[in-house]
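By the working numbering, the letter at position 179 of the sequence shown is numbered 180, and the numbering carries on one by one without gaps. Yeah, the Cβ is synthetic: ideal placement off N, Cα and C, and Gly gets one too. Here the structure is a predicted model, which is why all the values come from computation and not from measurement. Beneath this line is the structure, given in structure tokens, with notes to follow.
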Amino acid sequence: ATYENMKIRVENVVERGEVCPYYITNEPQRQAFNKYRTPGFTRANHPTVIQVLIESAKEKDKNGQSMPNLIYVSRQKNKNSPHNFKAGALNSLLRVSSIMTNAPIVLTQDCDMYSNDPQTPKRALCYISDLSAQPELGYVQFPQRYHGLNKDDIYGGEVLRLFVANPIGMDGLQGPHYVGTGCFFLRRALFGGPTAMLPPEIQELRPDHVVEKPITTQPIMELAHYVARCDYENNTKWGFHIGFRYGSLVEDYFTGYKLHCEGWKSIFCHPSRSAFLGDVPMSLIDAFSQSKRWAIGLLEVFFSRYMPLVFGARYMGFVMGDGFMHTRKIAMTSSYSVAPIRGGGMIKGCG
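Here is the structure:
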């Protein structure tokens with residue numbers, strides 16, 4: 002019933018193009034929606050919006066069990082401040098969650114992915130709780146799998162070499178790279194290497210900080226809005242030594258690579274039932290767009306001072322460096338594959 006009510010409300014709002022006043026039931030909701038009505042509010046220029054939709058301490062399911070917290074976060078954006086794309090959004094969420102709950106485990110999930118197995122958190126916790134894997138375990142990566150594929154997968158959308166074959170091989174060494182989704186991080190891994198934690202600029206962002214106040218109290222909400230500011234990261238270590246890393250279009254690959262260089266290890270969990278499922282590119286243009294981003298991002302790493310066979314081999318060893326280098330070969334293949342298809346189109350046009 003709860004889902005159906007939400008579905009009806011969403012469809013109604015989409016049809017009308019606005020949130021009707023009778024859907025706003027309390028003052029916090031009214032204050033949140035008022036921000037969207039401020040002059041000049043656009044996708045690229047807007048204030049921070051944080052709204053607690055479900056508070057665990059107050060909401061119960063039909064069996065009387067506490068519901069998990071559900072919090073909507075939209076970080077502040079300004080055209081004069083770089084937003085650093087997905088990595089910047091993840092770092093903002095990392096800080097806001099530190100202020101409000103500071104749970105020791107963080108799951109990153111793309112918006113087009115959904116859970117396909119309710120046992121997935123338990124599988125991840127089995128590895129995280131294993132004393133033999135501590136204290137160097139940084140994250141547990143599940144494969145990126147898709148639904149809606151035809152049996153021939155004519156666009157190669159499943160990318161098995163990148164999301165399954167490579168991680169299985171690297172799992173026998175120090176662990177797979179981070180693919181950007183379906184990954185359980187230990188929060189501590191995003192704050193320096195396993196032997197020396199890099200302290201953030203305020204105490205409340207430390208991974209060992211204990212949140213003692215309810216998430217809806219004024220001090221918590223004010224601090225959460227503050228750390229989601231577009232200029233918060235200025236003159237800090239965020240994006241370079243703390244959190245998800247900037248410097249490449251493939252921030253997921255680069256983040257996992259840098260964590261391994263710092264001494265962290267990872268584990269690849271590949272159960273028979275897919276943990277998460279998502280959408281594949283729906284057209285050849287979409288497939289090219291995705292391959293182009295991967296290719297450019299991976300080549301950025303290759304031609305930088307972080308080249309896996311040099312920088313990576315120095316900190317991880319030659320074999321692991323070569324493992325990350327192997328992923329780069331997929332980018333080169335994606336880049337070169339554009340030329341013959343474009344050429345074929347030109348020949349057909351001339352005929």
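The Cβ atoms of residue 325 and residue 143 lie no closer than 8 Å to each other.
Taking one beta carbon from each stretch, the segment 250 to 264 and the segment 170 to 179 have 3 or more pairs nearer than 8 Å; the two touch. Between residue 315 and the set 54, 263 and 284, the nearest pair of CA atoms involves 263. The Cβ atoms of residue 99 and residue 205 lie closer than 8 Å to each other. In this structure, the beta-carbon distance from residue 297 to residue 185 does not fall below 8 Å. About 7 Å separates the beta carbon of residue 134 from that of residue 268, a gap short enough to meet the 8 Å contact definition.
Using a Cβ distance threshold of 8 Å, residue 55 and residue 101 do not count as a contacting pair. For the 8 Å CB-CB criterion, residue 146 and residue 275 form a contact. Taking C-beta atoms as the reference points, residue 92 and residue 239 count as a pair closer than 8 Å. When C-beta atoms of the segment 297 to 310 are compared with those of the segment 241 to 253, three or more pairs fall below 8 Å, so the two segments count as touching. Taken through DSSP and simplified to helix, strand or coil, residue 46 comes out as strand. Looking at the backbone, the Cα of residue 33 and that of residue 78 are separated by about 16 Å. The alpha carbon of residue 252 has as its nearest neighbour, out of 148, 294 and 213, the alpha carbon of 294. If you draw a straight line from the Cα of residue 161 to the Cα of residue 213, it is about 44 Å long. Nearest to residue 208 by C-alpha distance, out of 21, 97, 155 and 121, is 97.
In the structure shown, residue 211 adopts coil according to DSSP, grouped into three states. The beta carbons of residue 69 and residue 57 sit about 6 Å from each other, so the pair counts as a contact at 8 Å.
When only Cα atoms are considered, residue 109 and residue 183 end up about 6 Å apart.
The residue among 282, 169 and 47 with its C-alpha nearest the C-alpha of residue 271 is 169. In the structure shown, the three-state DSSP call for residue 233 is coil. Residue pairing by DSSP places residue 184 opposite 109 and 142 in a beta bridge. Under the three-state reduction of DSSP output, residue 77 falls in the coil class, being neither helix nor strand. Contact check for residue 167 and residue 49: beta-carbon distance about 38 Å, past the 8 Å limit, so the pair fails to qualify. Using a Cβ distance threshold of 8 Å, residue 265 and residue 201 do not count as a contacting pair. Rounded to the nearest angstrom, the gap between the Cα atoms of residue 228 and residue 76 is 9 Å. Measuring C-alpha to C-alpha distances from residue 81 to each of 95, 286, 273 and 235 identifies 235 as the nearest. Per DSSP, residue 98 is one residue of the alpha helix (DSSP H) stretching across 86 to 101.
For residue 203, no beta strand (DSSP E) encloses it, and the DSSP letter there is neither H nor E.
Sixteen is the threshold: since fewer than 16 other Cβ atoms of the shown chains lie within 10 Å of the Cβ of residue 149, the residue is exposed. Under the criterion of beta carbons closer than 8 Å, residue 233 and residue 190 do not qualify as touching, at roughly 21 Å.
Straight through space, the alpha carbons of residue 53 and residue 124 are spaced by roughly 28 Å.
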